[in-house]
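Below is one structure; the comments refer to it alone.
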Amino acid sequence: MGKVEKVSDRLNRISVSQTLEMAKRSRELREKGVDIIDLSIGQPDFKTPSHIKEAAKRAIENDVTFYSPVPGFKELRQAVANKFKYENGLNFEANQIVISNGAKQAIANVILSLISAGDEILVPVPYWVSYGEIINLADGKNVFIKTDVEDDYKVSPQQIREAITEKTRLFIFSSPSNPAGSVYSRDELRAIAEVLAEHEKIYVISDEIYEHINFIGKHESIAQFECLKDRVIVINGVSKGYAMTGWRVGYMAAPQWVTDLCIKLQGQYTSGASSISQMAALEAISSEDNIYTLGMNAAFKRRRDLIIELISDIKGIRTNIPQGAFYVFPDISEFFNKSNGYIMVKNDSDLALYLLNEAHVAVVPGNAFGDPSCVRFSYATSREKISLAFERIKFALEKLK
Ligand code: PMP
Ligand code: GLU
């Protein structure tokens, strides 16, 4: 590495994304010829459906290649508003929608727009890797609320009540969740909404990017409750549900004043999202044909069943049964302070490294999600690869004494 000059305080406050870092390491090893099975990054291994790709090709042919309006094309914002209405029963006008470079930017827009130094954000643990770091970037204060495997890694209304202070500004969570795959029921969401509703300064970021990967039925949003009306910002996008991670299109729906702030920020930072990707996203969202999404959901469920069976075959691992998304987040602390004779595994990072080097399987250490007793396995890969990965994992773990 070359010389490093003075780094901004802002960047010193954040760490590298460990999901992307593990994916990078496994890519590098694979390029060197090592047969790595990548259970680190969360992205569907399915291909973007061809009717969506065709829409992008048409956009290029028709010269839809100029700057788009900062909040996104009108047609796409309208299609998103329609999606909220017909799929989720939520009423947002098209001008309350902002299209961004992935849901990640949508989340960053909201946090950077609402949070000032010292403002507190309630973050149930385990959380998606980037929440905490974007909050750090905004100089906000993460107030982590620990949840347990026994509670399906769900936060209770009582825990939220106890964590609220005068400085609480936001509550951020995902359902279906990354990394634990927990799915909150309507009643659970209502109970949380009622606690938050008592504090009118608190807003909610509801990250619903895994909406379409849900094994227990209908998706429920915390935005549906009257008591939180105009206080929920819904985040979603096309990355997961339509196998479009590389297209970089996410969106949010928010109260108008929050939308306006996000447009202001995005206008100075990145401008409108890629015009071509937006046309592809428009096709994805407005197409009647959601058979593909359903097929993907069924495939993920079969893989979930397989991975849970394989995990339960390894002594010392404890897990919840994920009900959505495509991750399992088991407690593997049983293996800490054990050695295979020459490598000592002290913690989750050591264990992830051990599995990478000894089993050639890439996983993400739990500390990236706030819980260092766990590791995250992504099962967005084929059943064959999952089976082979777990043969190797079992063999490597059984060597630890
Ligand atoms: N939220 C969660 C919970 C995620 O797992 C991810 C990762 N894909 C994102 C947001 C960001 O998604 P996108 O690809 O749309 O930026
Ligand atoms: N969200 C995915 C994950 O958790 C993609 C990587 C990322 O954006 O962090 O693996």
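Under our numbering, residues 11 to 411 are what the sequence shown spells out, in order. Here a beta-carbon is modelled for each residue, glycine too, at the ideal position from N, C-alpha and C. Model, not experiment: these values are computed from the prediction.
DSSP state of residue i, grouped into three classes?
{"i": "Ala-127", "result": "coil"}
{"i": "Leu-410", "result": "coil"}
{"i": "Tyr-364", "result": "helix"}
{"i": "Ile-155", "result": "strand"}
{"i": "Leu-132", "result": "strand"}
{"i": "Ile-245", "result": "strand"}
{"i": "Asn-119", "result": "helix"}
{"i": "Pro-375", "result": "strand"}
{"i": "Gly-142", "result": "helix"}
{"i": "Phe-387", "result": "strand"}
{"i": "Gly-277", "result": "helix"}
{"i": "Tyr-337", "result": "strand"}
{"i": "Val-205", "result": "helix"}
{"i": "Asn-98", "result": "helix"}
{"i": "Asn-188", "result": "coil"}
{"i": "Asn-92", "result": "helix"}
{"i": "Asn-224", "result": "strand"}
{"i": "Gly-305", "result": "helix"}
{"i": "Val-74", "result": "coil"}
{"i": "Asp-161", "result": "helix"}
{"i": "Arg-23", "result": "coil"}
{"i": "Val-268", "result": "helix"}
{"i": "Glu-394", "result": "helix"}
Measuring straight from C-alpha to C-alpha, what distance separates residue i and residue j?
{"i": "Arg-179", "j": "Tyr-220", "result": "24 angstroms"}
{"i": "Leu-86", "j": "Gln-53", "result": "23 angstroms"}
{"i": "Ile-295", "j": "Phe-181", "result": "27 angstroms"}
{"i": "Asn-377", "j": "Asp-158", "result": "14 angstroms"}
{"i": "His-61", "j": "Glu-293", "result": "8 angstroms"}
{"i": "Tyr-96", "j": "Ala-66", "result": "25 angstroms"}
{"i": "Pro-375", "j": "Val-259", "result": "27 angstroms"}
{"i": "Lys-93", "j": "Gly-12", "result": "49 angstroms"}
{"i": "Ala-104", "j": "Pro-81", "result": "10 angstroms"}
{"i": "Val-44", "j": "Asn-367", "result": "10 angstroms"}
{"i": "Asn-72", "j": "Leu-238", "result": "43 angstroms"}
{"i": "Glu-298", "j": "Pro-189", "result": "30 angstroms"}
{"i": "Leu-361", "j": "Ala-89", "result": "45 angstroms"}
{"i": "Tyr-439", "j": "Val-135", "result": "This structure leaves residue 439 out entirely; the chain is present only between 11 and 411."}
{"i": "Gly-191", "j": "Asp-217", "result": "13 angstroms"}
{"i": "Leu-316", "j": "Leu-398", "result": "12 angstroms"}
{"i": "Val-120", "j": "Arg-20", "result": "18 angstroms"}
{"i": "Lys-211", "j": "Asp-129", "result": "11 angstroms"}
{"i": "Leu-365", "j": "Leu-147", "result": "31 angstroms"}
{"i": "Ile-107", "j": "Ala-233", "result": "14 angstroms"}
{"i": "Gln-169", "j": "Val-133", "result": "11 angstroms"}
{"i": "His-370", "j": "Val-74", "result": "44 angstroms"}
{"i": "Asn-9", "j": "Ser-383", "result": "Residue 9 cannot be examined here, being either before or after the span of the chain that is shown, 11 to 411."}
{"i": "Cys-272", "j": "Ala-335", "result": "27 angstroms"}
{"i": "Ile-24", "j": "Phe-183", "result": "20 angstroms"}
{"i": "Lys-16", "j": "Ser-195", "result": "48 angstroms"}
{"i": "Met-289", "j": "Gln-333", "result": "32 angstroms"}
{"i": "Asp-240", "j": "Ile-331", "result": "33 angstroms"}
Does the Cβ of residue i have 16 or more other Cβ atoms within 10 Å, making it buried, or fewer, making it exposed?
{"i": "Ser-123", "result": "buried"}
{"i": "Ala-308", "result": "exposed"}
{"i": "Gly-227", "result": "exposed"}
{"i": "Ile-215", "result": "buried"}
{"i": "Thr-391", "result": "buried"}
{"i": "Ser-281", "result": "exposed"}
{"i": "Gln-276", "result": "buried"}
{"i": "Val-268", "result": "buried"}
{"i": "Phe-345", "result": "buried"}
{"i": "Gly-380", "result": "buried"}
{"i": "Ala-127", "result": "exposed"}
{"i": "Phe-400", "result": "buried"}
{"i": "Val-26", "result": "exposed"}
{"i": "Phe-339", "result": "buried"}
{"i": "Ser-50", "result": "buried"}
{"i": "Phe-405", "result": "exposed"}
{"i": "Tyr-337", "result": "buried"}
{"i": "Gly-150", "result": "buried"}
{"i": "Ile-403", "result": "buried"}
Give me whichever residues DSSP pairs with residue i in a beta bridge.
{"i": "Asp-45", "result": "DSSP lists no partner for Asp-45."}
{"i": "Tyr-213", "result": "Leu-180"}
{"i": "Phe-310", "result": "None, per the DSSP bridge assignment."}
{"i": "Ser-110", "result": "Gly-260"}
{"i": "Val-17", "result": "Its beta-bridge partners do not exist; DSSP assigns none."}
{"i": "Arg-328", "result": "Asp-341"}
{"i": "Val-355", "result": "Lys-348"}
Three or more C-beta pairs under 8 angstroms: does that hold for the segment 345–352 against the segment 229–248? no
Would the segment 111–120 and the segment 312–327 be scored as touching if the rule is three or more Cβ pairs under 8 angstroms? no
At least three beta-carbon pairs within less than 8 angstroms, the segment 161–179 to the segment 202–216: yes
When the Cβ atoms of the segment 31–46 are set against those of the segment 147–167, are three or more pairs found closer than 8 angstroms? No, they do not touch.
With the ligand MG as the reference, list in chain order each residue whose Cβ lies under 6 angstroms from any of its heavy atoms. Within the structure as shown, the ligand MG is missing, the only ligands being the ligand PMP and the ligand GLU.
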